[in-house]
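Residue 665 in this note's numbering sits at position 228 of the sequence shown, with consecutive numbering throughout.
Every residue, glycine too, gets a C-beta built ideally from N, C-alpha and C.
Encoded as structure tokens, the structure appears first; notes follow it.
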Amino acid sequence: MCTPCGDRFTGYRVLVDPLAPLLDLADVAPAFASARDAVDAAHRHRALRKHGGQVAAEASLRAAVASAALDGSRFDLEEVRGGTVTDPVVQGALRVAEALPGMVDLWPRAPRQVLAKLHVLAARGVVHDHDLGRLTSGAERIDALAGLVAGNETTPPMLLAAVVHAELVTLRPFAGPAGVVARAAARLTLIGRGFDPRGLVTAEVGHLSREPEYVGSAGAYATGTTDGVRSWLRHYAAAITAGAEEISVIGDGVLAAV
Numbered sequence: 438m439c440t441p442c443g444d445r446f447t448g449y450r451v452l453v454d455p456l457a458p459l460l461d462l463a464d465v466a467p468a469f470a471s472a473r474d475a476v477d478a479a480h481r482h483r484a485l486r487k488h489g490g491q492v493a494a495e496a497s498l499r500a501a502v503a504s505a506a507l508d509g510s511r512f513d514l515e516e517v518r519g520g521t522v523t524d525p526v527v528q529g530a531l532r533v534a535e536a537l538p539g540m541v542d543l544w545p546r547a548p549r550q551v552l553a554k555l556h557v558l559a560a561r562g563v564v565h566d567h568d569l570g571r572l573t574s575g576a577e578r579i580d581a582l583a584g585l586v587a588g589n590e591t592t593p594p595m596l597l598a599a600v601v602h603a604e605l606v607t608l609r610p611f612a613g614p615a616g617v618v619a620r621a622a623a624r625l626t627l628i629g630r631g632f633d634p635r636g637l638v639t640a641e642v643g644h645l646s647r648e649p650e651y652v653g654s655a656g657a658y659a660t661g662t663t664d665g666v667r668s669w670l671r672h673y674a675a676a677i678t679a680g681a682e683e684i685s686v687i688g689d690g691v692l693a694a695v
């Protein structure tokens, strides 16, 4: 894992937050606070009072389409909505999105098992069946990441999700659309830790809208330097903010249609 995160720990539960120093990096805490405020405001959108299910379904669809695009499978949202897109990466991202609610409780208890399940869903039809759910690299770092996720009620949810995402998207421990797995794991973290319990924040849309920054900051994180990690965390906060703004866009559209 990134050098600024320090040495990893052993044991099942996280009693002391090993990621806390990351919030002391320049401009990170204010960026996270601003993103938190944007999410809180979006969660008060009036469409959610009576049409929350519609908003959540649309957010899930948009997140899946954006996640597939970030792994190189770019298709128009309306074409995907219409069911005419058979691209296996898109179909995998849709399967992942559909399955996420059923994995929320298992994620903090058995993260490695969930990652394997996510890969099976995301990569079916893309990689050989023998490779589904199997790590291709980085077993030690995946063990460390699993230790960070399991039983962790200490690290702030957005910070934990950012590190989960960065570790998986830079390590790419699975064959095929590993980025879809990384973004899904981050989404699970935000949902399960109560930051976004209904899964409305389309951070994936935010990443896609800032794709050069997304790629660049992920690469910077992979260097393990303080500046690299800071770059990624600031990008992540910006993506969460954009994902919160998308809730309002979706909610306005739902209200206009009723």
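Between residue i and residue j, how many whole angstroms is the CB-CB distance? I'm expecting something under 8 Å.
| i | j | result |
| --- | --- | --- |
| Arg483 | Val642 | That pair is no contact at about 21 Å. |
| Leu558 | Gly529 | 6 Å |
| Glu515 | Val522 | Rounded, the Cβ-Cβ distance is 10 Å, inconsistent with contact. |
| Thr678 | Ala472 | 5 Å |
| Gly688 | Leu462 | Between Leu462 and Gly688 the Cβ distance is about 33 Å, and since that is not below 8 Å, they are no contact. |
| Leu637 | Ala493 | 6 Å |
| Gly639 | Glu590 | Correcting the residue type first, residue 639 is Thr in the shown sequence and not Gly. So it is not a contact: roughly 25 Å between Cβ atoms. |
| Leu569 | Leu625 | Wrong, their Cβ atoms sit about 19 Å apart, outside the cutoff. |
| Ser685 | Ala479 | 6 Å |
Going by Cα to Cα distance, which pick from the options is closest to residue i?
| i | options | result |
| --- | --- | --- |
| Ala612 | Ala655, Val563, Lys487 | Val563 |
| Trp544 | Leu459, Gly653, Val618 | Val618 |
| Glu535 | Ala501, Ile677, Tyr673 | Ala501 |
| Arg647 | Ala676, Ala621, Arg630, Thr662 | Ala676 |
| Asp477 | Val686, Asp633, Tyr651, Pro649 | Asp633 |
| Val695 | Val527, His480, Gln491 | Gln491 |
| Leu460 | Val686, Asn589, Val691, Leu670 | Leu670 |
| Arg481 | Gly588, Arg635, Leu531 | Arg635 |
| Val652 | Phe469, Leu552, Gly616, Thr592 | Gly616 |
| Leu692 | Ser497, Gly489, Phe469 | Gly489 |
| Ala470 | Pro593, Gly690, Asp542 | Pro593 |
| Leu552 | Pro614, Gly690, Glu495 | Pro614 |
| Arg620 | Ser497, Val465, Asp464, Ala479 | Ser497 |
| Gly427 | Asp542, Gly575, Ser574 | Absent from the model: residue 427. The displayed extent of the chain is 438 to 695, so no value can be given. |
Which value, in whole angstroms, describes the spacing of the CA atoms of residue i and residue j?
| i | j | result |
| --- | --- | --- |
| Arg546 | Lys554 | 14 Å |
| Ser668 | Tyr658 | 7 Å |
| Gly656 | Lys487 | 42 Å |
| Arg549 | Leu645 | 26 Å |
| His672 | Glu604 | 15 Å |
| Asp513 | Pro455 | 41 Å |
| Ala681 | His602 | 18 Å |
| Pro525 | Arg561 | 7 Å |
| Arg630 | Ala623 | 11 Å |
| Met540 | Pro649 | 30 Å |
| Asp566 | His556 | 11 Å |
| Ala457 | Gly584 | 16 Å |
| Gly661 | Ser654 | 11 Å |
| Val533 | Gly520 | 16 Å |
| Leu531 | Pro467 | 33 Å |
| Gly665 | Val527 | 30 Å |
| Val586 | Ala674 | 20 Å |
| Glu495 | Asp474 | 22 Å |
| Gly575 | Arg518 | 36 Å |
| Thr663 | Gly690 | 41 Å |
| Asp411 | Val453 | With the chain covering 438 to 695 only, the question about residue 411 has no answer from this structure. |
Give a yes or no on whether 7 Å exceeds the smallest Cβ distance from residue i to chain C.
| i | result |
| --- | --- |
| Gly636 | Judged by its chain identifiers, the structure shown contains no chain C, having just a single protein chain. |
contact_flag[the stretch 600-609, the stretch 578-586] where n(CB pairs < 8 Å) is 3 or more
yes
Segment contact flag, the stretch 588-604 with the stretch 504-519, C-beta cutoff 8 Å, min 3 pairs
no
Can you check the stretch 639-675 for any alpha helix (DSSP H) of at least 4 residues that lies completely inside it and give the ranges in chain order?
640-646, 648-659
To test your reading of the DSSP string, which unbroken alpha helix (DSSP H) runs of 4 or more residues are found completely within the stretch 487-541?
514-518, 525-536
Taking only runs of the alpha helix (DSSP H) that begin and end inside the stretch 532-597, which ones reach a length of at least 4 residues, in chain order?
548-560, 576-586
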